[in-house]
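S.K.: Would you mind keeping the following structure in view while I ask a few things?
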């Protein structure tokens, strides 16, 4: 009798094995960790993609903000979570820059790069009533008063900070003032606590529409049609174009089929009219979206480029 019972239990266990392996994914909420504070580009992207993807996956995708250390604080939670695809995070260019700057707590290989969602060029903005009416006037003042102009940025070692350091190498020394939370960054610029703001246009859309901020320069190869009077860095002889990218990652080791399921769902969400409208309003590059297969190799290449720039400009202390 015991032998029969043992055989029966073994049969049940063997039958359960394939069923467990074929467990539906997802079958519970997927946590999205936004590695930056509320109100900024990463936060808005995360909430937009969450809203559009929930109907496709059939589960909730709650977003929680865990800012700090230029995105590394939130990423630490992903690295400490199980590699099961149920914990993902935002990842942006500013965070990638912390790797060659020696400030990161991770490597490119630590993540599965699910999908790239956005790419946008960055600007230097000033308050509408700023005495600087052009980038030339601002640079002239910076040259004559080294370090006096303050730039509200996301953090040290980020693309913002590296751009400020690059300008210093060109004779325009300004001081980076880090604000990990976007709301604080914008309040600093609007409140006169900093004279300059480094940001993407979509992130400060409400302030542009309200006439509270003015762009002076776009760090890009050419001018943006939406801002025809704003010169590009290239035309001014400043060869630095570090467009901000945003995407979604999960911990390396997540089952490939789950990573694919997430990537496919996010890609479908980014094909909706709602997402395309959002991308247009936020001045995103038309070729922003990148698949899982392309995203990882692209990030590795981008990291190598950033490492070269950091060494070339002597930016790492």
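Residue numbers (our numbering): 15 to 331.
C-beta atoms are modelled at their ideal positions from N, C-alpha and C, and glycine is treated no differently.
1. Does the separation of the CB atoms of residue 57 and residue 77 fall below 9 Å?
2. Residues in its own chain within less than 8 Å of residue 165 by CB, not counting five upstream and five downstream?
3. In angstroms, rounded to a whole number, what distance separates the CA positions of residue 73 and residue 171?
4. Name the one or two DSSP bridge partners that residue 127 has.
5. So residue 98 and residue 238 are supposed to be a Cβ contact under 8 Å. How far apart are they, rounded?
6. Between which residues of its own chain and residue 309 is the CB-CB distance below 8 Å, once the five residues before and five after are set aside?
7. Can you tell me the Cα-Cα spacing of residue 224 and residue 142, whole angstroms?
8. Over what stretch of residues does the alpha helix (DSSP H) that includes residue 159 continue unbroken?
9. So, with DSSP's three-state summary, where would you put residue 138?
10. Can you grab the Cα-Cα spacing for the pair residue 54 / residue 269, in whole Å?
11. Report back the beta-carbon spacing between residue 48 and residue 82 to the nearest angstrom; my notes put them in contact at under 8 Å.
12. May I ask you to report which of helix, strand or coil DSSP gives residue 244?
13. Three Cβ pairs or more, each shorter than 8 Å: is that satisfied between the segment 292-300 and the segment 112-123?
14. Measuring CA to CA, which of 145, 95, 193 is closest to residue 265?
15. Expressed to the nearest angstrom, what Euclidean distance is found between the alpha-carbon atoms of residue 153 and residue 292?
16. Is residue 76 helix, strand or coil by DSSP?
17. In the DSSP assignment, what residue or residues form a beta bridge with residue 212?
18. Determine, using beta carbons only, whether residue 234 comes closer than 9 Å to chain B.
19. How would you call residue 145, buried or exposed, if buried means at least 16 neighbouring beta carbons within 10 angstroms?
20. Excluding the five sequence neighbours on either side, which residues of its own chain have a C-beta within less than 6 Å of the C-beta of residue 71, listed in chain order?
21. Alpha carbon to alpha carbon, how far is residue 193 from residue 79? Give it in angstroms, no decimals.
22. For residue 321, collect the residues of the same chain with a Cβ closer than 7 Å to its Cβ; drop the 5 residues on either side in sequence, then sort them by chain order.
23. Can you tell me whether residue 318 is buried or exposed? The criterion is at least 16 other CB atoms within 10 Å of its CB, across all chains shown.
24. Kindly give me the distance between the Cβ atoms of residue 258 and residue 214, rounded to whole angstroms, as I take these residues to be in contact under 8 Å.
25. Using only the alpha-carbon positions, how far apart do residue 90 and residue 102 sit?
26. Only counting the same chain, and skipping five residues up and downstream in sequence, which positions put a Cβ closer than 8 Å to that of residue 22?
27. How many Å lie between residue 275 and residue 306 at the Cα?
28. Alpha carbon to alpha carbon, what distance is there between residue 183 and residue 327?
29. Taking residue 7 as the reference, which of 38, 227, 63 has the closest Cα?
30. On a CA-only basis, which of 199, 60, 125, 312 is nearest residue 92? Give me that one, please.
31. With which residues is residue 279 paired in a DSSP beta bridge?
M.R.: Reading it off the structure:
1. Working through the chain shown from its first residue, we reach residue 57 at position 43. Working through the chain shown from its first residue, we reach residue 77 at position 63. Yes.
2. Along the chain shown, one-based indexing puts residue 165 at 151. The residues are 138, 174, 178, 188, 189, 190, 191, 208, 209, 210, 211, 212.
3. The residue you call residue 73 lines up with position 59 of the chain shown. The residue you call residue 171 lines up with position 157 of the chain shown. Roughly 36 Å separates the two Cα atoms.
4. Translated into the one-based positions of the chain shown, residue 127 becomes position 113. BP columns for residue 127 point to 263.
5. Counted from its first residue, the chain shown places residue 98 at position 84. Counted from its first residue, the chain shown places residue 238 at position 224. Not really, about 41 Å apart at Cβ, beyond 8 Å.
6. If you number the chain shown from 1, residue 309 lands on position 295. 127, 128, 129, 130, 261.
7. Counting from 1 along the chain shown, the entry for residue 224 is found at position 210. Counting from 1 along the chain shown, the entry for residue 142 is found at position 128. Each residue's Cα considered, the two are about 10 Å apart.
8. The residue labelled residue 159 in the question sits at position 145 within the chain shown. Note, residue 159: premise wrong, no alpha helix (DSSP H); not H, not E.
9. Along the chain shown, read from residue 1 onward, the residue named residue 138 stands at position 124. Here residue 138 sits in strand by DSSP.
10. Mapped onto the chain shown, residue 54 falls at position 40. Mapped onto the chain shown, residue 269 falls at position 255. So the alpha carbons of these two residues sit roughly 31 Å apart.
11. One-based indexing of the chain shown puts residue 48 at position 34. One-based indexing of the chain shown puts residue 82 at position 68. No, residue 48 and residue 82 are not in contact; Cβ-Cβ is about 12 Å, not under 8 Å.
12. Residue 244 sits at position 230 when you count from the first residue of the chain shown. Three-state DSSP puts residue 244 in coil, outside helix and strand.
13. no
14. As a working note, residue 265 is residue 251 in the chain shown. Here the closest residue by C-alpha is 95.
15. Start at 1 with the first residue of the chain shown, and residue 153 comes out as number 139. Start at 1 with the first residue of the chain shown, and residue 292 comes out as number 278. So the two alpha carbons sit approximately 33 Å from each other.
16. Sequence index remark: in the chain shown, residue 76 carries index 62 (1-based). Here residue 76 sits in coil by DSSP.
17. The residue you call residue 212 lines up with position 198 of the chain shown. For residue 212, which the question treats as bridged, DSSP gives the partners 138.
18. The structure shown contains no chain B, having only a single protein chain.
19. Looking up residue 145 in the chain shown gives position 131. That one is exposed.
20. Locating residue 71 in the chain shown gives position 57, where the first residue counts as 1. Once the five neighbours on either side are set aside, the close Cβ partners of residue 71 are 40, 279.
21. By 1-based counting over the chain shown, the position of residue 79 is 65. By 1-based counting over the chain shown, the position of residue 193 is 179. Approximately 15 Å, taken between the alpha carbons.
22. Here residue 321 is taken as the residue at index 307 of the chain shown, counted from 1. Correct list, in chain order: 114.
23. By one-based count along the chain shown, residue 318 stands at place 304. Per the 10 Å Cβ criterion, exposed.
24. As a first step, residue 258 must be located in the chain shown, where it is residue number 244. As a first step, residue 214 must be located in the chain shown, where it is residue number 200. Their Cβ separation, rounded to whole angstroms, is 5 Å, which keeps residue 258 and residue 214 in contact under 8 Å.
25. Indexing the chain shown from 1 puts residue 90 at position 76. Indexing the chain shown from 1 puts residue 102 at position 88. Roughly 11 Å between the two C-alpha positions.
26. Looking up residue 22 in the chain shown gives position 8. Low local confidence applies: a pLDDT of 46 at residue 22 is under 50, so the model's placement there is unreliable, with the coordinate-based value given in what follows. Cβ-Cβ distances below 8 Å link residue 22 to nothing in the same chain once the five nearest sequence neighbours on each side are left out.
27. Taking the first residue of the chain shown as 1, we reach residue 275 at position 261. Taking the first residue of the chain shown as 1, we reach residue 306 at position 292. Answer to the nearest angstrom: the Cα atoms are 10 Å apart.
28. As a first step, residue 327 must be located in the chain shown, where it is residue number 313. As a first step, residue 183 must be located in the chain shown, where it is residue number 169. Cα atoms of residue 327 and residue 183: separation of roughly 8 Å, rounded to the nearest angstrom.
29. Residue 7 cannot be examined here, being either before or after the span of the chain that is shown, 15 to 331.
30. Translated into the one-based positions of the chain shown, residue 92 becomes position 78. For residue 92, the nearest C-alpha among the options comes from 125.
31. Mapped onto the chain shown, residue 279 falls at position 265. According to DSSP, residue 279 bridges with nothing at all.
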